[in-house]
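Residue numbers (this note's numbering): 4 to 120.
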């Protein structure tokens, strides 16, 4: 048996109480657990795609490496959300280098593969 309590934190007295009894399992009047698991799966957030995952995908598929700065540049150009880097600086020491067309297409393909775009 499983009991849950919902509490409203307030200084007021409640107007009333509602008791709900739910039984899980198979059969009439019971809530099937497999349906709950299926519904929970739809609300599960997607795995966060890392630059490392993108770099590994591109190297395996295309046979060349891309720098994380190139991935960031493509994401910036596409208007994708960027996370704050703990090592970010106010002013760049060198101007940004732009990736080649081949690398841009590989990065876009990786982003599509991971369903970022």
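We put the beta carbon where it would ideally sit given N, CA and C, even for glycine.
Here the structure is a predicted model, which means the values were calculated and not measured.
- Residue pairing of residue 27 in beta bridges, as defined by DSSP: 34.
- It is roughly 33 Å from the alpha-carbon of residue 44 to the alpha-carbon of residue 65.
- By the Cβ neighbour-count rule, residue 78 is buried, with 16 or more other Cβ atoms within 10 Å of its own.
- Residues of the same chain with their beta carbon placed closer than 8 Å to that of residue 50 are lacking, with the five preceding and five following residues left out of the count.
- For residue 120, same chain residues with a beta-carbon under 8 Å away, outside a window of 5 residues either side, are 81, 83, 111, 114 in chain order.
- Residue burial is scored here from C-beta neighbours: residue 57 has at least 16 other C-beta atoms within 10 angstroms and is therefore classed as buried.
- DSSP places residue 85 outside any alpha helix (DSSP H), giving it a letter other than H or E.
- For residue 48, the number of other beta carbons within 10 angstroms of its own is below 16, and it is reported as exposed.
- Considered as a whole, the segment 40–99 harbours 54–65, 71–81 as its complete alpha helix (DSSP H) runs of no fewer than 4 residues, in chain order.
- In terms of Cβ geometry, residue 72 and residue 42 do not form a close pair [threshold 8 Å].
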